Amino acid sequence: MTPATRRRTLVVLVLLLPAALALAVTAGSVPLPLAGVAGSVARRAGLAAASTAPLGEAGEAILWSIRIPRVLLAALVGGGLAVVGAALQAVFRNPMADSGLLGVGAGAGFGAVVAVTLGLSADVFFALPLFSFAGALAAVLAVYALAHAGGRPSLHGLLLTGLAVSALAGAGMSVLLVRTEEFRVKAVLFWLAGGLEGRSWPHLASGALFIVVGGVLLLLLARPLDLLSLGEDEAAALGLSVHAARLGVLGVAALVAGACTAVAGSVPFVGLVAPHALRPLVGSRARHLLPAAFLGGASLVVLADVVARTASGRYDLPLGSLTAIVGAPYFLIALRGQEGR
Amino acid sequence: MSAVLEARGLCVWRGEQPVLHAVDLSLSAGEALAVVGPNAAGKSTLLRALAGLLPIQAGHVEVQGRPLRAWPRSALARELALVLPDDASARALTVEDSVALGRYPHRGPFRPFTTEDRQAVRRALERTGTLDLAGRRQGALSAGERQLATLARGLAQEPRVLMLDEPAAHLDVGHQLRLFRVLDEVRALGVAVLAVVHDLQRAAAWAARVVLLAGGRVAAQGAPGEVLAGAECARAFGVAIRGHAVPGVAHPLYSFEDAG
């Protein structure tokens, strides 16, 4: 990694995201011409005074009420998960760490199942993402509290507690699912598979608040993150309040990852792959890696969602399965590389 | 000379276990003090306690005449640097980025680095001979190079007290000599250096004063020759130690044999 490589990579990432966004708003079961999209956006922004809608009434409706919010949400979720992954990799001092370690995914899943079992998801708009968010936060708090119960927590203790809490949430989920009517089980399964079908502006607005604010907070913690990556004693000897810093990072990471999972369901491996793949190109310093991971993760999920929407003419593929199909082999190869060192 | 670091009656527990019992120790500006002792004597615990990383059960530690507890963390890190042995997992950062973190006590989480910080980082890299490695990832270095890079981070802190835990543990003799030469250079600038040294021969050659720690107690302290020749040292390590004067070598060479 040289400074020149880092700059080049950042330039490529900065160009890649708008390109991916442009591709994603035009592609779909109803293709929209890029020029028309650009015209429509310019008209909305008050830059062009076209008297008629450039895409026609139907096209405008698809663009503004379906495609743009969905594509932006994909970018936010991908970017948010990637930033969280990069931050957790520093805290856990392991380049393979991911929000799944803290029980975020399992907690969110459990929350979603509770919402569905209570019958709230059908009646109350937003009940499912809200419960899922609460589940994710509860899981992370439980992991942290349990790991601290024995006094001074070690990172291994934290990781294994995360596993145990995830297993517990999974068990709870299964118990609730067997007592749930079949048609509701299907809703849960779709949710857990991860996807952005049917998400619109309200999801975007509520998710964006947590993801953007949390992402900025994590970026502000860049120097403490670098210190944490040195090790606990090293960081403390350099004057960092290690436990406060760690708790702060984990708390913000849980908010961001919880919000991502709440609006998009489970989208695995993005948090691992994006920062891991970019680290050799931009280096490990948080102030470089976090923004790069955001851009890379955003582009990745935007493109994955395009594939999810367009690969089959009849139905959307689950977004989470797509990222897993790419991410799991990547994880295994990277793991062998790490073990082999 | 007044002590920059002083411990009186220091007792430290780790978990339920008492590790240090009433340890007295003092360190003056520019002094080279080696802490030696068998495994599990409490050497690393002593360093961490002196650096304020462990709770103190009883006794008293003062840095620059001010109780350790009264120091805010970052102010303490400007006075006192702790260089820990090479840790296999902290290898993702480049040498330069890692050394630059030594400026954290001076700038905190948000204030941007100044020319002064950049100069301190450069000086530390130059002094340790790691300037050429600045852009390399720490994981790509040899153990010796990595230890020098870790020392550079401690130097970038520009502390008045430098404490090192077995700095030469994995180093070949060339890197060892280089490392102790760097320590002598910063001592000449008035920095007090306290190092846990595994190798008794090295401790005797480098330090002006040696503290022998055994079973969490100071068993002996004084000039290296006295401590190593003493009965306490032989008992602590369970070996017979003999010093041999060699013409042309400033320090006696030591041989170690089974006590039985």
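Protein chains in written order, with numbering that gives the first Met the number 0: chain A, 0 to 340; chain B, 0 to 259.
Cβ atoms here follow ideal geometry from the backbone N, Cα and C, with glycine treated the same way.
All of these numbers come straight from a predicted model, not from anything done at the bench.
In the structure shown, what three-state DSSP assignment does residue i receive?
i	result
T93/B	strand
S27/B	strand
L154/B	helix
A45/B	One point to set straight first is that residue 45/B is Leu, not Ala, in the sequence displayed. Of the three classes helix, strand and coil, the one that applies to L45/B here is helix, per DSSP.
W12/B	strand
A276/A	helix
A60/A	helix
M172/A	helix
A33/B	strand
L169/B	Here the sequence assigns His to residue 169/B, which means Leu is not the residue at that position. Correct three-state label for H169/B: coil.
E61/B	strand
I332/A	helix
I324/A	helix
E196/A	coil
A218/B	strand
V3/B	strand
R245/A	helix
R43/A	helix
L19/B	strand
P223/B	helix
R313/A	coil
R110/B	coil
Taking the alpha helix (DSSP H) that residue i falls in, what are its first and last residues?
i	result
A148/A	126 to 148
W205/B	199 to 205
A191/B	Per DSSP, A191/B belongs to no alpha helix (DSSP H); it is in the beta strand (DSSP E), 191 to 195.
R126/B	114 to 126
D183/B	172 to 187
R106/B	103 to 106
G242/B	Taken as a continuous stretch (DSSP letters only), G242/B belongs to no alpha helix (DSSP H), being part of the beta strand (DSSP E) at 238 to 243.
L16/A	2 to 25
T309/A	285 to 309
V112/A	103 to 116
Counting only Cβ pairs nearer than 9 angstroms, list the residues of chain B close to residue i.
i	result
T8/A	By Cβ distance, chain B contributes nothing, its closest Cβ being about 15 angstroms from T8/A, past 9 angstroms.
With respect to the beta strand (DSSP E) encompassing residue i, which residues constitute its N-terminal and C-terminal limits?
i	result
Y253/B	252 to 257
I210/A	Segment 200 to 219 is the alpha helix (DSSP H) holding I210/A; no beta strand (DSSP E) there.
V210/B	208 to 213
Q88/A	Run containing Q88/A: none in the beta strand (DSSP E); it sits in the alpha helix (DSSP H), 67 to 90.
L239/A	That residue, L239/A, is in no beta strand (DSSP E); it is neither H nor E in DSSP.
L81/B	79 to 82
L163/B	160 to 164
Given that residue i touches chain C, what residues does it touch there, using C-beta distances under 7 angstroms?
i	result
S73/B	Any reference to chain C falls outside this structure, whose protein chains are A and B.
What in chain A is Cβ-close to residue i, meaning under 7 angstroms?
i	result
L45/B	Within chain A, no residue comes near L45/B; the closest Cβ sits about 14 angstroms away, beyond 7 angstroms.
D134/B	Asp is not the amino acid found at residue 134/B; the sequence shown has Gly there. By Cβ distance, chain A contributes T1.
L100/B	D225, L226, L229, L237
Which residues in chain B sit within 8 angstroms of residue i, going by Cβ to Cβ distance?
i	result
P94/A	A91
T4/A	Chain B residues near T4/A: none, gap ~11 angstroms exceeds 8 angstroms.
R278/A	A91
Applying a beta-carbon distance threshold of less than 8 angstroms, which residues of chain A neighbour residue i?
i	result
A76/B	A236, L237, G238
G41/B	Correct list: empty, because the minimum Cβ distance to chain A is about 16 angstroms.
Which chain A residues sit within Cβ distance under 9 angstroms of residue i?
i	result
D96/B	D225, G282, S283, R284
Determine whether the beta carbon atoms of residue i and residue j lie at a separation below 7 angstroms.
i	j	result
L224/A	A89/A	yes
A86/A	A252/A	yes
P233/A	V241/A	One detail in the question is off: residue 233/A reads as Glu in this sequence, not Pro. It is not a contact, given that the beta carbons lie outside the stated cut-off.
L72/A	L254/A	no
V238/B	A258/B	yes
A289/B	E231/B	There is simply no residue 289/B to check, as chain B begins at 0 and stops at 259 in what is shown.
L227/A	L237/A	no
G213/A	A168/A	no
A303/A	L289/A	no
A138/A	G102/A	yes
Q146/B	D85/B	yes
G35/A	P53/A	yes
Taking residue i as the query, report the chain B residues whose CB atoms sit under 7 angstroms from its CB, ordered along the chain.
i	result
R222/A	Y103, P108
D232/A	R47, L52, L83
May I ask you to verify whether the stretch 286 to 306 of chain A touches the stretch 68 to 80 of chain A, counting CB pairs closer than 8 angstroms and requiring at least 3?
By the Cβ test, the stretch 286 to 306 of chain A is in contact with the stretch 68 to 80 of chain A, since at least three Cβ pairs between them sit closer than 8 angstroms.
Take every Cβ of the stretch 191 to 206 of chain B, pair it with every Cβ of the stretch 42 to 54 of chain B, and state whether three or more of those distances are shorter than 8 angstroms.
At 8 angstroms Cβ cutoff, the stretches touch.
The stretch 312 to 330 of chain A / the stretch 204 to 212 of chain A touching (three or more Cβ pairs under 8 angstroms):
Too few Cβ pairs lie closer than 8 angstroms, so no.
Are three or more beta carbon pairs between the stretch 131 to 140 of chain A and the stretch 309 to 326 of chain A nearer than 8 angstroms?
Flag = no, the stretch 131 to 140 of chain A and the stretch 309 to 326 of chain A do not touch.
Inter-stretch contact (C-beta, 8 angstroms, three-pair minimum) for the stretch 238 to 246 of chain A and the stretch 48 to 65 of chain A
These segments do not touch.
Please determine if the stretch 15 to 29 of chain B and the stretch 62 to 80 of chain B are in contact, where contact requires at least 3 C-beta pairs separated by less than 8 angstroms.
Inter-segment contact for the stretch 15 to 29 of chain B and the stretch 62 to 80 of chain B is absent: fewer than three beta-carbon pairs are separated by less than 8 angstroms.
If contact is defined by three or more beta carbon pairs under 8 angstroms, each pair taking one atom from either stretch, is the stretch 144 to 154 of chain B in contact with the stretch 92 to 104 of chain B?
Result yes; three or more Cβ-Cβ pairs closer than 8 angstroms.
Is it true that the stretch 0 to 15 of chain B meets the stretch 169 to 182 of chain B, where meeting means three or more beta-carbon pairs spaced less than 8 angstroms apart?
With the cut-off at 8 angstroms, the stretch 0 to 15 of chain B and the stretch 169 to 182 of chain B do not touch.
Whether or not the stretch 126 to 136 of chain B and the stretch 158 to 168 of chain B are in contact is what I'm after, with contact meaning three or more pairs of Cβ atoms, one per stretch, closer than 8 angstroms; do they touch?
Counting C-beta pairs with one atom in each stretch, the stretch 158 to 168 of chain B and the stretch 126 to 136 of chain B have fewer than three that are closer than 8 angstroms, which means they do not touch.
Touching or not, the stretch 35 to 51 of chain A and the stretch 168 to 182 of chain A, by the rule of three or more beta carbon pairs under 8 angstroms?
As far as the Cβ criterion goes, the stretch 35 to 51 of chain A does not touch the stretch 168 to 182 of chain A, which means the pair count is below three.
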